[in-house]
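Numbering (numbering that gives the first Met the number 0), first residue to last: 0 to 310.
Where is the CB? At the ideal position from N, CA and C, for every residue including glycine.
Fair warning: this is a prediction, and the values are worked out from it, not measured in the lab.
What follows is one structure encoded as structure tokens, with my remarks underneath.
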Amino acid sequence: MHVLDWAVLIGTLAIIVLYGVWISRNDHSTEPDDFLAGKRDLPWWTIGLSIMATQASAITFLSTPGQAFSDGMQFVQFYFGMPIAMLFLAYFVLPIYYKLHVTTAYEYLEKRFDLRMRTLAAGLFLIQRGMAAAISILAPSIILCAVFGWDLLLTNFFMTVFVVIYTTTGGSAAVSRTQELQMTVMLGGLILAFILIIRALPGGVGVSEAWQIAGATGKTQIADWSFSWNDRYNVWSGILGATFLFLSYFGTDQSQVGRYLSGKTLRESRIGLIFNGIIKIPMQMLVLAVGVMVFVFYQFEQAPLHFNQAT
């Protein structure tokens, strides 16, 4: 690690925490609605980027390129149903939440059914989200431990403390604002990673040549229109199956519902949802393209042996 690497790592973490604190500096409200919905004053672009960042955890940027290394670009078909799901939620589900003026999906369940239903759904969500958050924290911790030689347990602990600080300091608004910043950093990092991999290829091998090499090994196929129950990914499973998965996740999971219920108006929240549905597919293609380029790189270089003491 060079001085510049340390500066980027520490600077990014510090800016994220300080930004969350700064956003909430004048907010002394103790109302639960203000904490959960951020006073409902977020613009559509913040909502859209926050939704993307909520779904795109460290797992996306650490494991998805590895998946592309093995399977190529086909995984992007899984997201073909997202625009359909976002349109349905934006025009049929979101207005219901706004009409009832709820701040959580589980508050709606109480209004529709009773308190027991709300408690059950909220409890199941907390269990599921707790397990998912643990994995999302573990993934970058493994990378940091491999680079710095840190203890995995302590790294997990300090990363959790770091996340809790800016979450509890500013509530939903601070989380959404910092996620907007995080998403910008992540997209910039993806583009930079793609460029650096291309520059690391042997002379005479540019983007088009690298893509041809990947295509010769079947890594560049994006859409498979054939219908088969045995295919892992195809257009039909993405459009039909994934649509219902995204309806469930984005329509009922509070980690997402809380993001788009923080909008200034119904229109802002609606545009944010649709923006996420449009941008997510190109973003996922970029993540996969990085993995494909890593595959091409190791056609010219000796691949390292897998050895990580942290795991």
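Query                                                                                                          : Result
Residues near residue 67 by beta carbon distance below 6 Å, same chain, minus five either side                 : 287, 290, 291
Buried versus exposed call for residue 160 [16 or more other C-beta atoms within 10 Å across all chains shown] : exposed
Three-state class that DSSP yields for residue 271 in the structure shown                                      : helix
Selection from 112, 107, 210 that minimises the alpha carbon distance to residue 72                            : 210
Straight-line Cα distance separating residue 140 from residue 195                                              : 24 Å
Inter-residue Cα distance where the pair is residue 226 and residue 233                                        : 7 Å
Same chain only: Cβ atoms within 7 Å of residue 399, ignoring 5 sequence neighbours per side                   : The structure shown does not extend to residue 399, since the chain is modelled only from 0 through 310, so no value can be given for it.
Beta-carbon separation (whole angstroms), residue 138 vs residue 61, contact threshold 8 Å                     : 5 Å
Touch test, the region 262–274 against the region 179–192, Cβ-Cβ under 8 Å, three pairs minimum                : no
Contact between the region 249–268 and the region 41–48 (3+ Cβ pairs under 8 Å)                                : yes
Pick from 42, 100, 74, 274 that is closest to residue 223, judged by C-alpha positions                         : 74
Burial state of residue 297 (16 or more Cβ within 10 Å)                                                        : exposed
Complete alpha helix (DSSP H) runs within the region 62–87 (minimum length 4 residues, chain order)            : 81–87
Straight-line gap, residue 102 to residue 177 (C-alpha atoms, nearest Å)                                       : 20 Å
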